[in-house]
Amino acid sequence: IHPLDRSVAADGTEHWSFGQPQIRTNSAGLLFDSEGALWINTLGDGMRRLSLEDQRGTRPITIDDGSIESFTHLNGLTANYVWPILKDREGNIWIGSSAGLDRFRVSPFVKSHFPPGAHDFALVADNHGAIWAGTTNRELMQLSGTTLTRFPQVPPFVTCAYREPDGSLLFGARHGLWQVRDNKLIR
């Protein structure tokens with residue numbers, strides 16, 4: 001562990017370091033998220049996020065360094081003057097600004113497991129979170145988690161899908177209207 005070090009630049013800017021790396025910025029708060037990334041607020045220049053990987057460097061890092069993600073009002077932040085930072089139990093990062101409250105959350109891209117070449121999707125979600133898909137070149141399909149179920153009795157060329165208030169699903173196709181109610185397929 002390195003001792004805390006404070007230096008003052010000619011313009012009066014204070015720099016604090018606790019060994020390496022150093023982050024040179026005027027900030028009122030810091031927070032580490034669930035992935036180990038460091039969130040840095042600024043008083044007039046938005047938020048910054050430094051990944052865990054970039055923290056492991058040995059060179060000093062400035063707030064305008066290219067390795068730091070920047071979030072400002074131009075990216076949708078409510079304002080550039082940010083002060084409180086909070087991480088909730090779900091891992092969301094909450095930022096209080098001079099114009100409102102912003103939430104950052106992890107929302108990873110997840111690739112679906114529909115067959116290659118399927119296109120022109122008509123999509124609908126059922127009450128259990130499964131995704132149903134009709135296409136113009138594949139039979140009706142249901143994706144539940146990573147399990148794909150095919151329904152060959154509904155041939156290709158489904159062009160629209162709809163979930164009714166009672167939870168049943170409707171699929172419009174060139175060859176008629178299909179309904180899924182209580183896990184039963186009805187034409």
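Under the working numbering, read the sequence shown as residues 1 to 187, first letter to last. C-beta atoms are modelled at their ideal positions from N, C-alpha and C, and glycine is treated no differently. All figures in this text were calculated on a predicted structure; none of them were measured in a lab.
Which listed residue (the options) has its alpha carbon closest to that of residue i
i, options, result
"Gly117", "Glu139, Glu53, Gly100 and Arg103", "Glu139"
"Leu148", "Asn75, Phe114 and Asp126", "Phe114"
"Ala99", "Ser107, His73, Arg105 and Glu90", "His73"
"Arg235", "Gly172, Ala37 and Phe151", "The displayed coordinates of the chain run from 1 to 187. Any statement about residue 235 would go beyond what the structure contains."
"Ala130", "Arg174, Gln153 and Leu169", "Leu169"
"Val110", "Trp94, Gly91, Leu143 and Leu86", "Leu143"
Those residues which DSSP pairs with residue i across a bridge
i, result
"Trp94", "Leu86 and Arg103"
"Glu164", "Paired residue(s): none; Glu164 is not in a bridge."
"His15", "Ser7"
"Phe171", "Ala161 and Trp178"
"Ala122", "Gly134"
Local Cβ density within 10 Å of residue i, reported as buried at 16 or more and exposed below that
i, result
"Trp132", "buried"
"Asn41", "buried"
"Arg48", "buried"
"Ala161", "buried"
Beta-carbon spacing of residue i, residue j below 7 Å
i, j, result
"Tyr81", "Leu123", "no"
"Thr136", "Asp120", "yes"
"Met102", "Thr78", "The identity of residue 102 in the sequence shown is Asp, whereas the question assumes Met. The answer is yes: Cβ separation under 7 Å."
"Gly176", "Arg163", "no"
"Arg174", "Phe157", "yes"
Nonlocal neighbours in the same chain, by C-beta distance under 6 Å from residue i, ignoring five residues either side
i, result
"Gly167", "Asn127"
"Gly96", "Trp83 and Pro84"
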